[in-house]
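To start, the structure itself, in structure tokens.
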Amino acid sequence: MADVALRNISKRFGATEAVRELSLTINDGEFLVLLGPSGAGKTTTLRLITGLEKPDAGSVMIDGRDVTQDPPGSRDIAFVFQQYSLYPHLSVYDNLAFPLRSPARRVPEPIIRKRVEQTADLLHIASKLNNRATRLSGGEMQRVAIGRALVRDPSIYLMDEPLSSLDAKLRAELRLELKRIQLELGSTILYVTHDQVEAMTMASRIGVIRDGRLLQLGTPREIYESPADSYVASRLGTPQINFLSAGLLSDVPVPPGTETVGIRTEHLRLAARNGGGMIGRIHRVEHLGEQNHVHLDYKGKMLVTLADPHQPLHAGQEVELHLQNPLCFDRAGQRLPAMAH
Ligand SMILES: Nc1ncnc2c1ncn2[C@@H]1O[C@H](COP(=O)(O)OP(=O)(O)OP(=O)(O)O)[C@@H](O)[C@H]1O
Numbered sequence: 404m405a406d407v408a409l410r411n412i413s414k415r416f417g418a419t420e421a422v423r424e425l426s427l428t429i430n431d432g433e434f435l436v437l438l439g440p441s442g443a444g445k446t447t448t449l450r451l452i453t454g455l456e457k458p459d460a461g462s463v464m465i466d467g468r469d470v471t472q473d474p475p476g477s478r479d480i481a482f483v484f485q486q487y488s489l490y491p492h493l494s495v496y497d498n499l500a501f502p503l504r505s506p507a508r509r510v511p512e513p514i515i516r517k518r519v520e521q522t523a524d525l526l527h528i529a530s531k532l533n534n535r536a537t538r539l540s541g542g543e544m545q546r547v548a549i550g551r552a553l554v555r556d557p558s559i560y561l562m563d564e565p566l567s568s569l570d571a572k573l574r575a576e577l578r579l580e581l582k583r584i585q586l587e588l589g590s591t592i593l594y595v596t597h598d599q600v601e602a603m604t605m606a607s608r609i610g611v612i613r614d615g616r617l618l619q620l621g622t623p624r625e626i627y628e629s630p631a632d633s634y635v636a637s638r639l640g641t642p643q644i645n646f647l648s649a650g651l652l653s654d655v656p657v658p659p660g661t662e663t664v665g666i667r668t669e670h671l672r673l674a675a676r677n678g679g680g681m682i683g684r685i686h687r688v689e690h691l692g693e694q695n696h697v698h699l700d701y702k703g704k705m706l707v708t709l710a711d712p713h714q715p716l717h718a719g720q721e722v723e724l725h726l727q728n729p730l731c732f733d734r735a736g737q738r739l740p741a742m743a744h
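Mapping of the sequence shown onto our numbering: position 121 corresponds to residue 524, and the numbering continues sequentially without gaps.
Below, the structure written as structure tokens:
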């Protein structure tokens, strides 16, 4: 495995600036997740690393070597796509062996067998090695697709939303497995997704990307607790963070220059009316089993928060809102440091 670095990389397609002056280092053994909406430039970033696209400016470095002008085949990168790209007429075994059988590699058959069997064990598909690739469930196919990357020992694995075509249960299962495998093998992975749960659970660090720009890079905790701006704050957290104009608050100390406060569910406590300043009216309570989503109207603005299912709350009820350390943003949406206590 190796370090991979992008230095000030830009790529334009006609009028679209897909990637703008993006710099990023993926450290050896790191699981870095690029999180961003559709069209943010995630796939283009991966394609620039593989060499399938050439940057207009900037460079790609692998282990300190500038590979910007090198052809894709020489870069020693394994790529897992969104859709499983298996050879349908081949068995699972032959699909897994395929990357090792290229004439350039000349890997002896006994070593291929060993690598394929180890990989199949790792992915819990050892019993399926003789199946035709098409005779597998969606989850098994995607395991084989991931396995085809894992049989090799490249500088880096690039993964483009590899779990997005699976149902929620399989996604959750493979998320855990991918993380386990990455830790076990010490692999370097750059993984792109628009799914915040994948980013939060698997990443060593998350890079939040929008309109081709890297907005913030940090551990999941840093990104969640100390977002650089209101957009980054809105990318993580369920229910989504609520934004309120600072002028609507009463008795909540905020730093000078605060235009908007960001209220996550853990910043908001609902209580029975008892003379407090901020009164909201419950609009709807959604019962989700282990918790309730409470939608409430505060001065004409709808807020959504979580509440304990045992707390007696119902539509039409008036409650007090108690804010604890909400996030504060200036006019431009940049986060302001919290007030000293
Ligand atoms: N070959 C191309 N020709 C023209 N425009 C392109 C090309 N590839 C990407 N783009 C544009 O560049 C921007 C970034 O696209 P990219 O595929 O990198 O986004 P993404 O973050 O991977 O999105 P998604 O999550 O939908 O895959 C988009 O506006 C897209 O339309």
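Here a beta-carbon is modelled for each residue, glycine too, at the ideal position from N, C-alpha and C.
Residue burial annotation: F416 is exposed, with fewer than 16 other C-beta atoms found within 10 angstroms of its C-beta.
Per DSSP, the unbroken beta strand (DSSP E) holding D700 starts and ends at 695-701.
With a threshold of 16 other beta carbon atoms within 10 Å, M705 falls short and is exposed. Taking the CA atoms as reference points, L561 sits about 20 Å from G541. Shortest Cα-Cα distance from L588 to any of F484, S494, V554, D563 involves V554. Here L493 is not bridged, per DSSP, to any residue.
Judged by DSSP in its simplified three-state form, L437 adopts strand. Note on geometry: alpha-carbon atoms of G442 and Q619 lie some 17 Å from one another.
Straight-line spacing of the CA atoms in T641 and L425 works out to 28 Å. Shown here, A735 sits in coil according to DSSP, grouped into three states, outside any helix or strand.
Under a 10 Å Cβ-count criterion, D563 is classified as buried, with 16 or more other Cβ atoms of the shown protein chains found around its own Cβ. Per DSSP, the unbroken beta strand (DSSP E) holding D563 starts and ends at 559-563.
Annotation for P474: G454 place their beta carbon closer than 8 Å to its own, counting only its chain and skipping 5 residues before and after. Excluding sequence positions up to five before and after A674, its CB lies within less than 7 Å of the CB of V722, E723, H725, all in the same chain and listed in chain order. In the structure shown, the three-state DSSP call for L639 is coil. Setting aside the 5 residues that flank it on each side, H717 is surrounded in the same chain by I685, V688, each with a C-beta closer than 8 Å to its C-beta; the list follows chain order. The beta-bridge partner set that DSSP reports for N645 consists of I666.
The C-beta of R478 has 16 or more other C-beta atoms within 10 Å across all chains shown, which makes the residue buried. Here the distance from the Cβ of A741 to the nearest heavy atom of ligand 1 is not below 6 Å. The region 455-474 and the region 506-519 do not touch, with fewer than three beta-carbon pairs separated by less than 8 Å. Taking C-beta atoms under 8 Å as the contact rule, L581 and M605 qualify, at a distance of about 6 Å. Residue pairing by DSSP places K582 opposite no residue, since no beta bridge is assigned to it. By the Cβ-count criterion, M544 is buried, with 16 or more other Cβ atoms from all chains shown falling within 10 Å of its own Cβ.
In its chain, beyond the 5 residues on either side, I412, S413, K414, G444, T447, T448, L451, P458, G615 have a beta carbon closer than 8 Å to the beta carbon of V422.
When distances are taken from the beta-carbon of S441 to the heavy atoms of ligand 1, the shortest one is below 6 Å. For F484, the CB stays at least 6 Å from every heavy atom of ligand 1. Counting other Cβ atoms within 10 Å of its Cβ, L691 stays below 16 and is therefore classed as exposed.
Nearest in C-alpha terms to L647, of all of L639, R638, I666, is I666.
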